[in-house]
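As given, the protein sequences belong to chains A and B, one line each in that order. Heads up: the first sequence is residues 1 to 377, going by full-length UniProt numbering. Heads up: the second sequence is residues 1 to 607, going by full-length UniProt numbering. Backbone N, C-alpha and C define an ideal beta-carbon position, used for all residues, glycine too.
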Amino acid sequence: MSKLGNLGARLYRGEVGYDFVGKRKIWYGISILITITAFVALMVRGLHMGIEFEGGAVFNTPKTSVSSATAEEVAEEASGHQAIAQRLGNDTLRIQISGVDTDKSDHIKSELAKELDVKADDINADLVGPSWGDQIANKAWQGLAIFMILVVIYLAIAFEWRMALAALIALIHDLTITVGVYALVGFEVTPGTVIGLLTILGYSLYDTVVVFDSLKEQSKDLAKQTRFTYSEVANRSINSTLVRSINTTVVALLPVAGLLFIGGGFLGAGMLNDISLSLFVGLAAGAYSSIFIATPLVADFKETDPQMKALKKRVLAKRRAAAAKGESEEAPAPDADATEDTEDGDDTAPAVVGPRSGPRAQPVRNRGRGRPSGKRR
Amino acid sequence: MAAPKKGRRQGTQGKPGRTLVFILIALVALTGGMFLSGHTTPRLGIDLAGGTSITLQAKNEPGQKNAINETNMNTAVDIINKRVNGLGVSEAEVQTQGSENIIVNIPKGTNAKQARAQVGTTAQLFFRPVIARQPSVPVDGGKKGDKGDKDKKDKPSSSPTPGASDKGTDKDGDKGDKSGDKSKDESASPSSTPTTQGRSVTDGLKDEPTPSGKSSDKPQDKKDETPKPDPTGAPSAQLQEQFAKLDCTDPKVRTKIKEGIKPTDPVVACGKDSDDNWNKFILGPSEVSGKEVDDAKAVFDTQGAAGWKVTMDFSKTGAKQFGDITGKLAGKQSPQNEFGIVMDGEVVSWPFVQQALTGGQAEISGSFDQDEAKDLANILSYGALPLTFKEQSVTTVSAALGGEQLRAGLIAGAIGLALVIIYLVAYYRGLALIAIASLGVSAALTYTIMTLLGPTIKFALNLPAVCGAIVAIGITADSFIVYFERIRDEIREGRTLRPAVERAWPRARRTILVSDFVSFLAAAVLFVVTVGKVQGFAFTLGLTTLLDVVVVFFFTKPLMTIMARKKFFASGHKWSGLDPKRLGVTPPLRRSRRTSAPAAPVDPKEA
Chain A
1 MSKLGNLGAR LYRGEVGYDF VGKRKIWYGI SILITITAFV ALMVRGLHMG IEFEGGAVFN
61 TPKTSVSSAT AEEVAEEASG HQAIAQRLGN DTLRIQISGV DTDKSDHIKS ELAKELDVKA
121 DDINADLVGP SWGDQIANKA WQGLAIFMIL VVIYLAIAFE WRMALAALIA LIHDLTITVG
181 VYALVGFEVT PGTVIGLLTI LGYSLYDTVV VFDSLKEQSK DLAKQTRFTY SEVANRSINS
241 TLVRSINTTV VALLPVAGLL FIGGGFLGAG MLNDISLSLF VGLAAGAYSS IFIATPLVAD
301 FKETDPQMKA LKKRVLAKRR AAAAKGESEE APAPDADATE DTEDGDDTAP AVVGPRSGPR
361 AQPVRNRGRG RPSGKRR
Chain B
1 MAAPKKGRRQ GTQGKPGRTL VFILIALVAL TGGMFLSGHT TPRLGIDLAG GTSITLQAKN
61 EPGQKNAINE TNMNTAVDII NKRVNGLGVS EAEVQTQGSE NIIVNIPKGT NAKQARAQVG
121 TTAQLFFRPV IARQPSVPVD GGKKGDKGDK DKKDKPSSSP TPGASDKGTD KDGDKGDKSG
181 DKSKDESASP SSTPTTQGRS VTDGLKDEPT PSGKSSDKPQ DKKDETPKPD PTGAPSAQLQ
241 EQFAKLDCTD PKVRTKIKEG IKPTDPVVAC GKDSDDNWNK FILGPSEVSG KEVDDAKAVF
301 DTQGAAGWKV TMDFSKTGAK QFGDITGKLA GKQSPQNEFG IVMDGEVVSW PFVQQALTGG
361 QAEISGSFDQ DEAKDLANIL SYGALPLTFK EQSVTTVSAA LGGEQLRAGL IAGAIGLALV
421 IIYLVAYYRG LALIAIASLG VSAALTYTIM TLLGPTIKFA LNLPAVCGAI VAIGITADSF
481 IVYFERIRDE IREGRTLRPA VERAWPRARR TILVSDFVSF LAAAVLFVVT VGKVQGFAFT
541 LGLTTLLDVV VVFFFTKPLM TIMARKKFFA SGHKWSGLDP KRLGVTPPLR RSRRTSAPAA
601 PVDPKEA
């Protein structure tokens, strides 16, 4: 762990760092690819909608030794509809029948109880009309729309509109990925899934907001200096909050994983599983997007701002001048473009703002250490 | 949760102990309140405790636009509540959810089937002629509520029967009761019975008695084999006998006689008058269905006998039918000049008729008070339920499975929490103690508040809410991580712990507030917009987010301030999580900072 702590320190000082912003095109590409895959999957495979959206009944039985095939048979006989029976982790059965109404469900329940030799009361019946799920989904869409509008307004006020826009795109990106994963893997979509999906809203943004907060601070007096472009500062803020991002994501995913693998393992399919599954996928996507998508996007938006454009020009000019001056003494000082594209995170010193922005953060800072290459290794 | 403000809460820095004491007192008070109120566990939702949950959605009907509004929803909840609790169900819960849903939660151990049948259907409202009426007293062996009144059978008793002991049923009766009347019209009534129920129906007179009510040949249970008697004629012997035995004070009996009745048959029924006394009835077949009432209003009569009255407008068919029945009833002797307004098998009002009313309009006068008049008008104009409902979903949950789910959820939560703690300890070492203590406080606050919200706002912990609480572990821990990382950053800059703790706080506070606000916003929007399970989840999420802020501000921060004075942390012990060496602080750096810091253009405590 101490190594990680050290890494944190070096990230913090900008001694190490990954050039997230510089390599943004790669990550945009990956994200677009994922999004397209998600859309294609959605088109081709569609979502496997749970009974809540189709209408029907779900029965959960207590522990039983009756096989799922037998239960399926009984249920089909009693209902006249096709039934799907699943054996869950704890020897209980989950039987799903579509197109069943109230009266029939009672009948099926008593038939099942007879077959399984349990009390009818011990069988859980979940009976839903086809519009129930739709209604939940509709409300969810409605909530989503309202939330997006409000949060964009809030972020635009608390930060600025570019960040709000980037956060919104990242959020939509997360939702798309999550839905895509559902389409691809064929997980069942239930109200639990919808709940999980909606939770991603807050969480995905939570992560993004923390990075933005740091970015806002670091770029406060940006126009007054000529050392760094906005993109570089953005990259710096991602790196300096990286440890936090990793930690919070891990900490958020742990309980959800607990729910998913342990809660789910105990009970098989169920509300717990549905919620935690979509949360798990969405949280992972949210962590990814806040680092690789949201902040680089802000940088992109911001670089179109005349003020920032001018800044970039000045910074580059200054760097060129410095490079020309220092050429004889040290290896070619990395100019901005080169920096953005270098693979090696270790020599990106100019690309990041040091906490104290002291000599260390300047292109020439390494001279004193006798590493003409500019690398500190 | 508001936008971050700078420079707030300087006090906490100065007097951390006081803040800690404050939150501990709050915690003790909450726990005390929990034990005082007698609720030591959160109220469990139907999915965890077992029972049946029915979701009804109001439907828009043609010609009924804008009918789905708050008033109507509340009226519907009221009526459904009376119906469900009329089954003798205790603690059944009816509540609106969202703008057009009503959730009916019926705890385990009740006849869910019957409840289901009763809950969703629009109530049946009929106008039936009264054939016989008597105050009802407990019959021999009547088990409930008959204190000492052991009179024989149906002998009219002058002593009012005390209300049935069953509370739910009493409520049920209230509806009828409201329309009861305090004898103002008695003098006008030709009634010979010592009842105070009469009410006059007045309007233009026209006389055209026609036998109405198609005879039905459908078989029925019990009292049905008898040929349909003339509406106003003598009831069958069977009905007579049933009538004689009828004990309206027994809720079970009342429920039973409501079963399987058909509008086309004469029936026995019960009704409660304004003095809470039960009357029993033999009623003729329905002459007018409640559907034929277009509108009913409670109006204040300024002329004549000033007071509240109820006016009704009938549809065309209804006007004719109503004219017919009132024409037939007008000349009769009491109680046969009365017609019973029957809702869901119970007589809610039995006004008497003075003349035939054919204008398609009628009014019922008597000494109503405003509420009574409004209630009756509501019943009349809406066929009892103001809205039509569709059964959206029915969930029966056995406590066994619900309990298992809860257990699995709790185990998963505990394991998740343990993993988080292990991770925190591994990474933050000593600092993790503070995080764990804060998580503990947060958990305690969540638990006590959830428990206390049960009796106060009927908050019920359901499975999604449990999920929400577990997910919240992550949100809460996140705040600490933000703060700790800030502190470590400050230390990396070469500060000693105490200033680092204070300097890190404003920044961390800002970040925590902004991000928590976003979380809270999501929860709040979801809570307002969505229904059912999603709502429960959103509530928990919002609550825990709020508590996160409270805990970080009033517990974590002060605790951190105090801990910063301890040698273990302040000296940067190897296991404190704040060891400068581990954090990568090296003396040369410090030196260089000292010399170069003044030149730094950017705020010195970036992170």
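Excluding the 5 residues flanking it on each side, L30 of chain B has same chain C-beta neighbours closer than 6 Å at T448, in chain order.
When CB distances to chain A are screened at a threshold of 9 Å, the residues of the stretch 537-555 of chain B falling below it are F537, A538, L541, T545, in chain order.
Boundaries for R495 of chain B: no alpha helix (DSSP H) harbours it, and the DSSP string shows neither H nor E there. Distances from the CA of M312 of chain B to each of B:T302, B:Q405, B:G327, B:E292 were compared; the closest alpha carbon is that of B:E292.
DSSP, reduced to helix, strand and coil, places P135 of chain B within a strand of the structure shown. Partner residues in the beta bridge of E346 of chain B, as assigned by DSSP, are B:C270, B:M343. A299 of chain A is a Cβ neighbour of R24 of chain A, given a cutoff of 9 Å. For G46 of chain A, the CB contacts under 8 Å within the same chain, skipping 5 residues up- and downstream, are A183 in chain order. DSSP places K224 of chain A in no alpha helix (DSSP H); its state is neither H nor E. The criterion of a C-beta distance shorter than 9 Å is not satisfied by L424 of chain B and V551 of chain B. Pairing G323 of chain B with F127 of chain B gives a Cβ-Cβ distance that is not under 9 Å. The three-state secondary structure of D305 of chain A, taken from DSSP, is coil. Beta-bridge annotation (DSSP): W308 of chain B is paired with B:F300, B:F368. The Cβ-Cβ distance between F228 of chain A and F159 of chain A does not fall below 9 Å. For N235 of chain A, no chain B residue has a Cβ inside 7 Å of its Cβ, as the nearest lies near 14 Å away.
Per DSSP, L283 of chain B lies in no alpha helix (DSSP H); the unbroken beta strand (DSSP E) holding it starts and ends at 278-283.
Under the Cβ criterion of 9 Å, Q135 of chain A is counted among the residues facing chain B.
Contact between the stretch 160-170 of chain A and the stretch 131-141 of chain A is not established, with fewer than three Cβ pairs separated by less than 8 Å. For T264 of chain B, the secondary structure class from DSSP, reduced to helix, strand or coil, is coil. Of all alpha-carbon atoms in A:V243, A:V58, A:T241, A:M308, the one lying nearest the alpha-carbon of D221 of chain A is that of A:M308. Secondary structure note for G29 of chain A: its alpha helix (DSSP H) is the uninterrupted segment 24-44. Proximity of chain A to L44 of chain B at the Cβ level (cut-off 9 Å) is not reached, the minimal Cβ distance being about 14 Å. Looking at the DSSP output, V94 of chain B shares a beta bridge with B:V104. In the DSSP assignment, S79 of chain A falls within the unbroken alpha helix (DSSP H) covering 68-79.
A distance below 9 Å separates the beta carbons of A522 of chain B and G202 of chain A.
Between S98 of chain A and L127 of chain A, the CB-CB gap reaches or exceeds 9 Å. Judged by their CB atoms, S53 of chain B and V394 of chain B are nearer to each other than the 9 Å cut-off.
By the rule that beta-carbons nearer than 9 Å mark a contact, C467 of chain B touches chain A.
Residue contact check for T241 of chain A against chain B: a CB pair falls below 9 Å. Residue contact with chain B for I123 of chain A: present (Cβ-Cβ distance below 9 Å to some residue of chain B). By the C-beta density criterion, L36 of chain B is exposed, having fewer than 16 other C-beta atoms within 10 angstroms. With fewer than 16 other Cβ atoms inside 10 Å of its own Cβ, A317 of chain A counts as exposed.
Contact annotation, F537 of chain B with G468 of chain B: C-beta distance approximately 5 Å; criterion of less than 8 Å satisfied. Put simply, the CB of Y423 of chain B is near chain A, with a gap under 9 Å to one of its CB atoms.
Between V210 of chain A and T248 of chain A, the gap from beta carbon to beta carbon is short of 9 Å. Of B:Q333, B:V342, B:D369, B:E372, the smallest CA-CA separation from Q354 of chain B is found for B:Q333.
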